[in-house]
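The opening position of the sequence shown corresponds to residue 20 in my numbering, with each subsequent residue numbered one higher. First the structure, in the form of structure tokens, and then the observations on it.
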Amino acid sequence: MGIFHSVLDEQIKKYLDNNYLIDEKLRGLLLEISKTYEKISDREEKEVSEQSLLQKLQFNEARYRQIVECTTDLIYGCDAEGYLIYANPVACQRFGYTEEEIRQLHFTDVVALEHREMVRDFYKRQFEERIIDTYLEFKCLTRDGKTAWIGNNVHLQLNAEHNWVVGFQGVARDMTEAKQAEETLIQARRMAEESVKAKEHFLSVMSHEIRTPLNAVIGLSHLLLDENPLPNQVEHLQAIKHSADSLMIIINDILDFSKIESGKVSFENVDFKLDDIFRGIEKSLAYKARESNLRLLIETDPRLPATVVGDPLRLNQIILNLVSNAIKFTEKGFVEVKAQMVSQKKDTITIEFKITDTGIGIPANKLSTIFESFTQASHETTRKYGGTGLGLTITKRLVELKGGTIQVKSKIGLGSTFTVLLTFEKSHLTAPVIPVPSGNTIEASTESLDNLQVLLVEDNRMNQLVVKKFMEKWGVRMDIAENGIEAIEKLRESTFSLVLMDLQMPQMDGYKAARYIRYNMDYPYRNIPIVALTASAMVDVRRKVMDAGMNDFITKPFDPRDLYLKILKFSMKGSQSDESPIFTPSVLPGNNGYVNLQYLEEISANNQEFITDMIRLFLRQMPQFVQKLKKACENANWMDLRYITHKMKSSLSTIGIFELESVIRQLETYAAQESHLIEVVQLCNHVERVCEEVYTELKEKLNEKNLKLIK
Numbered sequence: 020m021g022i023f024h025s026v027l028d029e030q031i032k033k034y035l036d037n038n039y040l041i042d043e044k045l046r047g048l049l050l051e052i053s054k055t056y057e058k059i060s061d062r063e064e065k066e067v068s069e070q071s072l073l074q075k076l077q078f079n080e081a082r083y084r085q086i087v088e089c090t091t092d093l094i095y096g097c098d099a100e101g102y103l104i105y106a107n108p109v110a111c112q113r114f115g116y117t118e119e120e121i122r123q124l125h126f127t128d129v130v131a132l133e134h135r136e137m138v139r140d141f142y143k144r145q146f147e148e149r150i151i152d153t154y155l156e157f158k159c160l161t162r163d164g165k166t167a168w169i170g171n172n173v174h175l176q177l178n179a180e181h182n183w184v185v186g187f188q189g190v191a192r193d194m195t196e197a198k199q200a201e202e203t204l205i206q207a208r209r210m211a212e213e214s215v216k217a218k219e220h221f222l223s224v225m226s227h228e229i230r231t232p233l234n235a236v237i238g239l240s241h242l243l244l245d246e247n248p249l250p251n252q253v254e255h256l257q258a259i260k261h262s263a264d265s266l267m268i269i270i271n272d273i274l275d276f277s278k279i280e281s282g283k284v285s286f287e288n289v290d291f292k293l294d295d296i297f298r299g300i301e302k303s304l305a306y307k308a309r310e311s312n313l314r315l316l317i318e319t320d321p322r323l324p325a326t327v328v329g330d331p332l333r334l335n336q337i338i339l340n341l342v343s344n345a346i347k348f349t350e351k352g353f354v355e356v357k358a359q360m361v362s363q364k365k366d367t368i369t370i371e372f373k374i375t376d377t378g379i380g381i382p383a384n385k386l387s388t389i390f391e392s393f394t395q396a397s398h399e400t401t402r403k404y405g406g407t408g409l410g411l412t413i414t415k416r417l418v419e420l421k422g423g424t425i426q427v428k429s430k431i432g433l434g435s436t437f438t439v440l441l442t443f444e445k446s447h448l449t450a451p452v453i454p455v456p457s458g459n460t461i462e463a464s465t466e467s468l469d470n471l472q473v474l475l476v477e478d479n480r481m482n483q484l485v486v487k488k489f490m491e492k493w494g495v496r497m498d499i500a501e502n503g504i505e506a507i508e509k510l511r512e513s514t515f516s517l518v519l520m521d522l523q524m525p526q527m528d529g530y531k532a533a534r535y536i537r538y539n540m541d542y543p544y545r546n547i548p549i550v551a552l553t554a555s556a557m558v559d560v561r562r563k564v565m566d567a568g569m570n571d572f573i574t575k576p577f578d579p580r581d582l583y584l585k586i587l588k589f590s591m592k593g594s595q596s597d598e599s600p601i602f603t604p605s606v607l608p609g610n611n612g613y614v615n616l617q618y619l620e621e622i623s624a625n626n627q628e629f630i631t632d633m634i635r636l637f638l639r640q641m642p643q644f645v646q647k648l649k650k651a652c653e654n655a656n657w658m659d660l661r662y663i664t665h666k667m668k669s670s671l672s673t674i675g676i677f678e679l680e681s682v683i684r685q686l687e688t689y690a691a692q693e694s695h696l697i698e699v700v701q702l703c704n705h706v707e708r709v710c711e712e713v714y715t716e717l718k719e720k721l722n723e724k725n726l727k728l729i730k
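As structure tokens, then:
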């Protein structure tokens, strides 16, 4: 019709143009005919357009329904009150309902009971806060009582004019299999972690059980050798001691390997003297080298700095392992240790350590595997020289953990050379540095332990006997407690210079006893030096010992020299040295907090107004003192440090902050000596942390009295 109208309209216009003299009535009739046909054409086109649009809508609806019904996702709709008004076949099938049945349910009816409250609160918030789109994972319940996990995307439908909630459109995905896989992985991880813990516990217990009797064997063999035995007895005693020492090496190797494998090796970063390392190696192994008729040579580069920053104990372990190995596999000739500077930067220095021997050498085909666990050059080597095959593995892992490298060159019958490259930070301090333990003999000490009073807390009778024998030999008066409870009672009854504390005991172990002493006993008992005696060599023992408030530890079976030097260091006779101990709390205060107002209450006859004024004065002054203390530390201004610590001491005592008394005293001592800057900075940081807790605690005390703070 549209084409016909177009042609007709064109013809009428042409006719009218060519016959301009035509009667006006006829002209009007022709124009009316054209307009009529135009209206008819428009109406028909509109009907065709509407019909076409309807067909498109029907097609799109069919396609949308096909997508919704064939998708693997769960698609549903809810009204504004949360009742289901639609669910696609996948959703109906997953939950076990017909479409008609599911329209009778509220959406929370299909949520598992344990998640129902959480889900209801979540979507209530979306409703109230008009959050358009959300996602939540939760557990659902099917009609037959089975559970299923879904990840649920919900779109909030709003009335555009009034911002009313019209309903919710949800698209969910079945996550049951994914959650089951995740749970399997979590369970596997949990089992692996439990296995690691069980392994660590087993090693800790076995270490304790083996070391405890071994402590008696080694200790008693030391004592018998010192008591002028008969010549024919010396050989037997030395054989016993050698066998016990060999067993200790095996135990230590296994424990070190376990620590490295579990990733629990920690490194210190302190200033230490390189010469201490080499002197310690020489004193520790010189006798062993002489026994084998070997020369032990040590050569150091004169360009090396006197002190560097790193972990002296780990460096000592690395070099000691390599030198001990070299001596063990060398029958004649020499073992040489060389240290030379390779390179240096502004803040670091790289040092090469070479350990060369003239021993049996390593076959070329074994050089690539010599650092592997439980590996030696040959089975004959194991039979002839013994060992676990872990020493080089441990050494290599320690070197790599420190960011260094280790290489080996060797020829059969000519010897081997192990080269270690390690980088250290340069030291910028002139204060005394951390000493490295060496083979100093007890007899070399100029200090005596005569008449010292030591409390041994130990439940094993054999260990009691061994320690008692050594104490008698050194002139030390010793009392014994068999558990932590007895130790606390004896500390209240008598005066002691030092406590030697075993860790594993019945009734109250060493950790609990040390914490009780530090936080519950009165002065001066709470500051008594405590040295842990432990048969466990696990990596976390040192941290636990320090966290419990103990000063140091010694591993059983102990070397008598180490025990002697520890007692000397932490006893009253050794307290005047530069390394005098100090107790710095490593754990949080007890339920009563840091503040003890008993002194203020006593001197003021419990005058609350006076106490309040003193607290306010403290809160005004102490932050200024702490800032001045920090500035003095940063600038190493020893005069200011002495002045500020003296000022702080009386204020802290008045408010009853006893935890900081010994810290402030130690800061005064270091300030007078003008040394130990690292320790000074650490102690200042500790003072600041405690004071922050104290400020909060004092403000709470004022608030309890309904008093306003002076700003």
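Yeah, the Cβ is synthetic: ideal placement off N, Cα and C, and Gly gets one too. From a predicted model like this one, the values you see are computed outputs, not experimental measurements.
For Glu-350, report the span of its beta strand (DSSP E) as first-last.
As a first step, residue 350 is located in the sequence shown; it is residue number 331 there, counting from the start. Note, Glu-350: premise wrong, no beta strand (DSSP E); not H, not E.
If you compare alpha carbons, which of Asn-251, Leu-256, Leu-233 is closest to Leu-243?
Start at 1 with the first residue of the sequence shown, and residue 243 comes out as number 224. Ranking the options by Cα distance to Leu-243, first place goes to Leu-256.
On a Cα-Cα basis, can you pick out the residue from Ile-370, Met-490, Leu-233, Ala-358 that is closest to Met-481?
Taking the first residue of the sequence shown as position 1, residue 481 is located at position 462. Of the candidates Ile-370, Met-490, Leu-233, Ala-358, the one whose C-alpha sits nearest the C-alpha of Met-481 is Leu-233.
Taking just the CA atoms, how far does Leu-587 sit from Val-682?
Residue 682 sits at position 663 when you count from the first residue of the sequence shown. Residue 587 sits at position 568 when you count from the first residue of the sequence shown. Using only the alpha carbons, I get a separation of about 22 Å.
Pull up the distance between the alpha-carbon of Ser-429 and that of Pro-543, whole angstroms please.
For the purposes of this step, residue 429 is taken as the residue at position 410 of the sequence shown. For the purposes of this step, residue 543 is taken as the residue at position 524 of the sequence shown. Rounded to whole angstroms, Ser-429 to Pro-543 spans 60 Å at the Cα level.
Please go through the same chain and pick out, in chain order, the residues whose beta-carbon is closer than 8 Å to the beta-carbon of Arg-135, but skip the five residues on each side of it.
Within the sequence shown, numbered from 1, the residue matching residue 135 stands at position 116. Counting only Cβ-Cβ distances below 8 Å, and skipping sequence neighbours, we find Thr-127.
Secondary structure at Gln-359, three-state DSSP: helix, strand or coil?
Residue 359 sits at position 340 when you count from the first residue of the sequence shown. Here DSSP, grouped into helix, strand and coil, assigns Gln-359 to strand.
Which word fits Tyr-577, buried or exposed, when buried means at least 16 other C-beta atoms lie within 10 angstroms of its C-beta?
Counting from 1 along the sequence shown, the entry for residue 577 is found at position 558. Here residue 577 turns out to be Phe, not Tyr, going by the sequence shown. Buried, by the Cβ-count rule.
Once DSSP output is grouped into helix, strand and coil, what is the label at Arg-122?
As a first step, residue 122 is located in the sequence shown; it is residue number 103 there, counting from the start. Residue state, collapsed to three classes: coil.
Simplified DSSP assignment, three categories, for Trp-168:
As a working mapping, residue 168 is identified with position 149 in the sequence shown. In the structure shown, Trp-168 sits in a strand (DSSP, three-state: E or B).
Does the beta-carbon of Val-455 have 16 or more other beta-carbons within 10 angstroms, so that it is buried, or is it exposed?
Counting from one through the sequence shown, the residue named residue 455 turns up at place 436. Its pLDDT being 49, under 50, Val-455 is placed unreliably in this model, and the value from its coordinates should be taken loosely. Classification for Val-455: buried.
Taking Cβ to Cβ, would you say Gly-503 is nearer than 8 Å to Gln-526?
On the sequence shown, residue 503 is found 484 positions in, with the first residue counted as 1. On the sequence shown, residue 526 is found 507 positions in, with the first residue counted as 1. Taking 8 Å as the Cβ cut-off, Gly-503 and Gln-526 qualify as a contacting pair.
When we look at the beta-carbon of Asn-288 and count the other beta-carbons within 10 Å, is it buried (16 or more) or exposed?
Taking the first residue of the sequence shown as 1, we reach residue 288 at position 269. Exposed, since its Cβ has fewer than 16 Cβ neighbours within 10 Å.
Tell me Gln-426's beta-bridge partners as DSSP assigns them.
As a position in the sequence shown, residue 426 is number 407, starting the count at 1. In the DSSP secondary-structure assignment, Gln-426 is bridged to Thr-438.
Hey, Phe-114 and Ile-104: beta-carbon distance below 8 Å or not?
Locating residue 114 in the sequence shown gives position 95, where the first residue counts as 1. Locating residue 104 in the sequence shown gives position 85, where the first residue counts as 1. Not closer than 8 Å, so no.
Using only CA atoms, which one of Arg-537, Val-486, Met-490, Phe-489 lies nearest to Leu-14?
No statement about residue 14 is possible, as the shown extent of the chain runs from 20 to 730 and does not include it.
Comparing C-alpha positions only, which one of Asn-340, Phe-146, Phe-348, Trp-657 sits nearest to Gly-432?
Here residue 432 is taken as the residue at index 413 of the sequence shown, counted from 1. Among Asn-340, Phe-146, Phe-348, Trp-657, the Cα nearest to that of Gly-432 is on Phe-348.
Could you spell out where the alpha helix (DSSP H) holding Ile-504 opens and where it closes?
Reading the sequence shown from its first residue, position 485 is the one you call residue 504. It spans 503 to 512 - the alpha helix (DSSP H) in which Ile-504 sits, taken as one unbroken run.
Taking just the CA atoms, how far does Asp-376 sit from Glu-680?
Position 661 of the sequence shown, counted from the start, is the residue given in the question as residue 680. Position 357 of the sequence shown, counted from the start, is the residue given in the question as residue 376. Between Glu-680 and Asp-376, the C-alpha separation is close to 54 Å.
Exposure label - Glu-628; buried when at least 16 CB within 10 Å
Looking up residue 628 in the sequence shown gives position 609. The residue in question, Glu-628, is exposed, as its Cβ has fewer than 16 Cβ neighbours within 10 Å.
Which runs of the alpha helix (DSSP H) fall wholly inside the stretch 527 to 595 and span at least 4 residues, in chain order?
529 to 539, 560 to 566, 579 to 589
So, at 6 Å on beta carbons, what are the nonlocal neighbours of Glu-371 in its own chain, with the 5 sequence-adjacent residues on each side left out?
For the purposes of this step, residue 371 is taken as residue 352 along the sequence shown, with counting starting at 1. Same-chain partners within the cutoff: Gln-359, Val-361, Leu-440.
Please identify the residue among Lys-531, Gly-329, Asn-479 whose C-alpha is closest to the C-alpha of Glu-444.
For the purposes of this step, residue 444 is taken as residue 425 along the sequence shown, with counting starting at 1. Glu-444 has its Cα closest to that of Gly-329, out of Lys-531, Gly-329, Asn-479.
Kindly indicate which three-state DSSP category Met-137 falls into: helix, strand or coil?
As a working note, residue 137 is residue 118 in the sequence shown. In the structure shown, Met-137 sits in a helix (DSSP, three-state: H, G or I).
Sheet register partners of Lys-373 (DSSP bridge):
Sequence index remark: in the sequence shown, residue 373 carries index 354 (1-based). In the DSSP output, where bridge partners are listed per residue, Lys-373 has Lys-357, Thr-438.
Flag Glu-350 as yes if its beta-carbon sits less than 8 Å from any beta-carbon of chain C, otherwise no.
In the structure shown, chain C cannot be found, because there is only a single protein chain.
Buried or exposed for Met-658, please, with buried defined as at least 16 other CB atoms from any protein chain shown within 10 angstroms of its CB.
As a first step, residue 658 must be located in the sequence shown, where it is residue number 639. Burial call: exposed.
Considering only the beta carbon of each residue, do Val-342 and Ile-381 sit closer than 8 Å?
Position 323 of the sequence shown holds residue 342. Position 362 of the sequence shown holds residue 381. No.
So Glu-391 packs on Thr-412, CB below 8 Å; how close in whole Å?
Within the sequence shown, residue 391 is the residue found at index 372, counting from 1. Within the sequence shown, residue 412 is the residue found at index 393, counting from 1. That pair is a contact at about 7 Å.
Considering only residues of the same chain and omitting the five flanking positions on each side of Gly-378, which have a CB-CB separation below 6 Å?
Here residue 378 corresponds to residue number 359 of the sequence shown, with the count starting at 1. Excluding residues within five positions, the ones whose Cβ falls inside 6 Å are Phe-348, Thr-349, Gly-434.
Based on the DSSP secondary-structure assignment, which residues constitute the bridge partners of Asp-498?
Position 479 of the sequence shown, counted from the start, is the residue given in the question as residue 498. Answer by DSSP bridge pairing, in chain order: Leu-474.
Which of helix, strand or coil DSSP assigns to His-181
Mapped onto the sequence shown, residue 181 falls at position 162. Coil, per DSSP.
Look at Ala-533 and Ile-549 and say whether their C-beta atoms are less than 8 Å apart.
The count along the sequence shown starts at 1 and reaches residue 533 at position 514. The count along the sequence shown starts at 1 and reaches residue 549 at position 530. Closer than 8 Å, so yes.
Between which two residues does the alpha helix (DSSP H) holding Arg-162 run?
As a first step, residue 162 is located in the sequence shown; it is residue number 143 there, counting from the start. Premise fails: Arg-162 is in no alpha helix (DSSP H) and is neither H nor E.
Can you tell which of Gly-352, Leu-93, Glu-419, Ala-179 has its C-alpha closest to the C-alpha of Glu-310?
Within the sequence shown, residue 310 is the residue found at index 291, counting from 1. Nearest C-alpha to Glu-310: Gly-352.
Determine the extent of the alpha helix (DSSP H) in which Val-16 is found, giving its start and end residues.
In this structure the chain extends from 20 to 730, so residue 16 is not present and cannot be described.
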